[in-house]
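There are 2 protein chains.
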Amino acid sequence: MTDPNATPPLTVSRHELLVAGSDQTFREFIHGFLAFTSLVESIRDKFGELLGLSGAQYELFITIRHRQGDEGISVSHVAQHLYVSGAFVTMETRKLVKLGLVEKRPNPEDGRSVLLRVTPKGDQMLEDLAVVQRPINDTLFECLDSDEFRLIAARMGCLIRSGQRAQKQMAYLSQLEETTDLFDYS
Amino acid sequence: MTDPNATPPLTVSRHELLVAGSDQTFREFIHGFLAFTSLVESIRDKFGELLGLSGAQYELFITIRHRQGDEGISVSHVAQHLYVSGAFVTMETRKLVKLGLVEKRPNPEDGRSVLLRVTPKGDQMLEDLAVVQRPINDTLFECLDSDEFRLIAARMGCLIRSGQRAQKQMAYLSQLEETTDLFDYS
DNA sequence: TGACTTAGCTAACAAACTTAGGTATTGTCG
DNA sequence: CGACAATACCTAAGTTTGTTAGCTAAGTCA
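Here it is, written out as structure tokens:
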């Protein structure tokens, strides 16, 4: 028999993430974070729509521009940054190339590799879009003052690295599960 | 002819979000935020997998528990919180009901409405899962100290409200576009 | 009562991916 | 050098994750 008054077990243990010994704040924070994420994604879909792109295509597009450097970025590197399969990048990139927004050229240093770069037309489209993005982004982060924004921006790199560690840790744990069947509720 | 040395237009204008008059930090922040979001989502998919659920089902599942209160939550309210269609909630909920994790009962106060609630079996599964979540969540937010965590957690509500405003603003602007064809690059 | 709106369901479809399997190229090691 | 594994990309087929359209039942309100 489960005690209906039992406190559910904590979903975090670091004392920095507990408030009065409870993970309630953390749980609220996670749900809030996910809700905010949905909102940001729906807005990004609209940005893409203005350019005639799907949300995924738009994300691919701005990722290429952000990472292209002087020479361009390879398909596999884009896939790594977006955490999607290379095959998906190949397929969606083809559409961007067809639209004249991205160009592909062979990597002179590696015959297997292809370098992706945003075309001048693509750059122009993104510059035009900024007119729309500006007021939306201003609204989106209205809550943050200068110090708060800088703090969070400065933490992003660390958060991504810790996220990658957590992801690996999770992969290990879930592979462990496979062999022990701890969660077999069938 | 486009001047290759021209600075791209700003994607934000609030001075709080600009660093030395540039939106470079903001752009990095957005890309970092999206990358972090992908990592969190991939981890959540794994949590779901341990319970035999897809990522979307798991998200639905924990959202029902989070919002059910004493009486349960309606299909349409869940859909609103997750920003998905009611039809999708109906379909995925059916699977959770079949697995015995969620129960549906008619809303005594409204014959059209159905109330969703996590069953004791479902609660037990989520409690067992906490053992795995704890170390992963600890790793995921290693970068944040107590003050930073509390600050960000305290800002979530405001961020969601501003996100909703931005979403409406965006819907308005994009509907405006439809009639003016400002972004017709065809 | 009649006209409209809302809640939920089903079915058909579209979008956003993945996996499997192929080819060409490169790196490595006896 | 030659064999062989690994890497980069591509294509095709399938899966997951949603959506829209249209229906029924129930509530709202003049």
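Chains as they are written, first to last, in our numbering: chain P, 17 to 202; chain X, 17 to 202.
For glycine and all other residues, C-beta sits at the position ideal for the given N, C-alpha and C.
Separation of glutamine 191 of chain P from lysine 184 of chain P, as counted between CA atoms: Position 168 of the first sequence holds residue 184 of chain P. Position 175 of the first sequence holds residue 191 of chain P. Spanning the alpha carbons of lysine 184 of chain P and glutamine 191 of chain P requires a straight line of approximately 11 Å.
Own chain residues within Cβ distance below 8 Å of valine 148 of chain X, not counting five before or after: Stepping through the second sequence from its first residue, residue 148 of chain X is reached at position 132. Closer than 8 Å at the Cβ level, and outside the excluded window around valine 148 of chain X, lie Phe63 and Leu66.
Does histidine 93 of chain P come within less than 7 Å of chain X when only Cβ atoms are used? As a working mapping, residue 93 of chain P is identified with position 77 in the first sequence. With its beta carbon at least 7 Å from every one in chain X, histidine 93 of chain P lies outside the interface.
Where in the region 40-115 of chain X do unbroken runs of the alpha helix (DSSP H), each at least 4 residues long, occur, reported from the N-terminal end onward? The qualifying runs are 40-66, 71-83, 91-98 and 102-114.
Please identify, using Cβ separations under 9 Å, the residues of the region 46-58 of chain P that lie next to chain X, in order along the chain. Under the 9 Å Cβ criterion, the region 46-58 of chain P contributes Ile46, His47, Gly48, Phe49, Leu50, Ala51, Phe52, Thr53, Ser54, Leu55, Val56, Glu57 and Ser58.
Beta-carbon within less than 8 Å of valine 118 of chain X's beta-carbon, same chain only, minus the 5 sequence neighbours each way: which residues are those? As a position in the second sequence, residue 118 of chain X is number 102, starting the count at 1. Correct list, in chain order: Phe77, Ile80, Thr109, Leu112, Leu132, Arg133, Val134, Thr135 and Gly138.
Candidates P/Val100, P/Phe165, P/Pro122 and P/Glu125, of which the one nearest glutamine 40 of chain X by Cα: What you label residue 40 of chain X is simply residue 24 of the second sequence in a count that begins at 1. Cα-wise, what sits closest to glutamine 40 of chain X is P/Phe165.
By the criterion of Cβ-Cβ separation under 9 Å, what are the contact partners of lysine 62 of chain P in chain X? Taking the first sequence and counting its residues from 1, the one referred to as residue 62 of chain P is at position 46. Simply Gln183, Met186, Ala187, Leu189 and Ser190.
Secondary structure of proline 124 of chain X, DSSP reduced to three states: Here residue 124 of chain X is taken as the residue at index 108 of the second sequence, counted from 1. Reduced to three states, the DSSP call for proline 124 of chain X is coil.
What do you get for serine 54 of chain X, buried or exposed, if any count of 16 or more other CB atoms within 10 angstroms of its CB means buried? Sequence index remark: in the second sequence, residue 54 of chain X carries index 38 (1-based). Serine 54 of chain X should be labelled buried.
Taking 7 Å as the CB-CB limit, is serine 101 of chain X close to chain P? The residue you call residue 101 of chain X lines up with position 85 of the second sequence. Not one beta carbon of chain P lies nearer than 7 Å to the beta carbon of serine 101 of chain X.
Apart from the five residues on each side of it in sequence, which residues of its chain come closer than 8 Å, Cβ to Cβ, to glycine 173 of chain P? For the purposes of this step, residue 173 of chain P is identified with residue 157 of the first sequence, where counting begins at 1. Closer than 8 Å at the Cβ level, and outside the excluded window around glycine 173 of chain P, lies no residue.
Hey, would you say phenylalanine 45 of chain X sits closer than 7 Å to valine 28 of chain X, going by beta carbons? Locating residue 45 of chain X in the second sequence gives position 29, where the first residue counts as 1. Locating residue 28 of chain X in the second sequence gives position 12, where the first residue counts as 1. Going by C-beta atoms, phenylalanine 45 of chain X is not nearer than 7 Å to valine 28 of chain X.
Return the residue from the list X/Arg177, X/Glu32 and X/Glu158 that minimises the CA-CA distance to leucine 33 of chain P. Your numbering for residue 33 of chain P matches position 17 in the first sequence. Among X/Arg177, X/Glu32 and X/Glu158, the Cα nearest to that of leucine 33 of chain P belongs to X/Glu158.
Can you name the residues that DSSP bridges to leucine 132 of chain P? Position 116 of the first sequence, counted from the start, is the residue given in the question as residue 132 of chain P. DSSP, once it has assigned bridges, lists P/Ile89 and P/Lys120 as partnering leucine 132 of chain P.
Coil, strand or helix - valine 35 of chain X by DSSP: Here residue 35 of chain X refers to the residue found at position 19 of the second sequence. Here valine 35 of chain X sits in strand by DSSP.
List the residues of chain X that glutamate 158 of chain P touches, going by C-beta distances under 7 Å, in chain order. For this step, residue 158 of chain P is matched to residue 142 along the first sequence. Ordered by position in chain X, the residues that pass the 7 Å Cβ test against glutamate 158 of chain P are Ser178.
Can you pull the chain X neighbours of phenylalanine 165 of chain P, defined as C-beta to C-beta under 7 Å? As a working mapping, residue 165 of chain P is identified with position 149 in the first sequence. Annotation: Cβ neighbours of phenylalanine 165 of chain P in chain X (cutoff 7 Å, chain order): Glu32 and Leu33.
Would threonine 135 of chain X count as contacting chain P if we go by Cβ distances under 7 Å? Counting from one through the second sequence, the residue named residue 135 of chain X turns up at place 119. No - not a single Cβ of chain P is within 7 Å of the one on threonine 135 of chain X.
Considering only the alpha carbon of each residue, which of P/Pro25, P/Thr23, P/Pro24 and P/Arg30 lies closest to leucine 160 of chain X? For the purposes of this step, residue 160 of chain X is taken as residue 144 along the second sequence, with counting starting at 1. For leucine 160 of chain X, the nearest C-alpha among the options comes from P/Arg30.
Spatial neighbours of valine 130 of chain X within its chain, please: C-beta separation below 8 Å, excluding the five flanking residues on both sides. Translated into positions along the second sequence, residue 130 of chain X becomes position 114. For valine 130 of chain X, where only same-chain residues beyond five positions count, the Cβ hits under 8 Å are Ser90, Val91, Lys120, Arg121, Pro122 and Asn123.
Taking the straight line between their C-alpha atoms, what separation do you get for leucine 69 of chain P and arginine 60 of chain P? Taking the first residue of the first sequence as position 1, residue 69 of chain P is located at position 53. Taking the first residue of the first sequence as position 1, residue 60 of chain P is located at position 44. For the pair leucine 69 of chain P and arginine 60 of chain P, the Cα-to-Cα distance works out to about 10 Å.
Spatial neighbours of glutamate 87 of chain X in its chain, beta-carbon cut-off 7 Å, leaving aside the 5 residues before and after: Here residue 87 of chain X refers to the residue found at position 71 of the second sequence. Within the same chain, glutamate 87 of chain X has close Cβ partners Leu131.
Assigned exposure category for tyrosine 188 of chain P - 16 Cβ within 10 Å defines buried: Taking the first sequence and counting its residues from 1, the one referred to as residue 188 of chain P is at position 172. The residue is exposed, with fewer than 16 neighbouring Cβ atoms inside 10 Å.
Where phenylalanine 157 of chain P falls: helix, strand or coil (DSSP): Taking the first residue of the first sequence as 1, we reach residue 157 of chain P at position 141. Coil.
Less than 7 Å between CB atoms is the rule here; does aspartate 86 of chain X satisfy it with respect to chain P? On the second sequence, residue 86 of chain X is found 70 positions in, with the first residue counted as 1. Interface annotation, aspartate 86 of chain X: not in contact with chain P, CB-CB separation never under 7 Å.
Please tell me whether isoleucine 80 of chain X has its Cβ less than 7 Å away from any Cβ of chain P. Along the second sequence, one-based indexing puts residue 80 of chain X at 64. Nearest CB-CB separation between isoleucine 80 of chain X and chain P: not below the 7 Å threshold.
Say whether chain X places a C-beta atom closer than 7 Å to the C-beta of glycine 138 of chain P. Within the first sequence, numbered from 1, the residue matching residue 138 of chain P stands at position 122. So no, glycine 138 of chain P is outside the interface.
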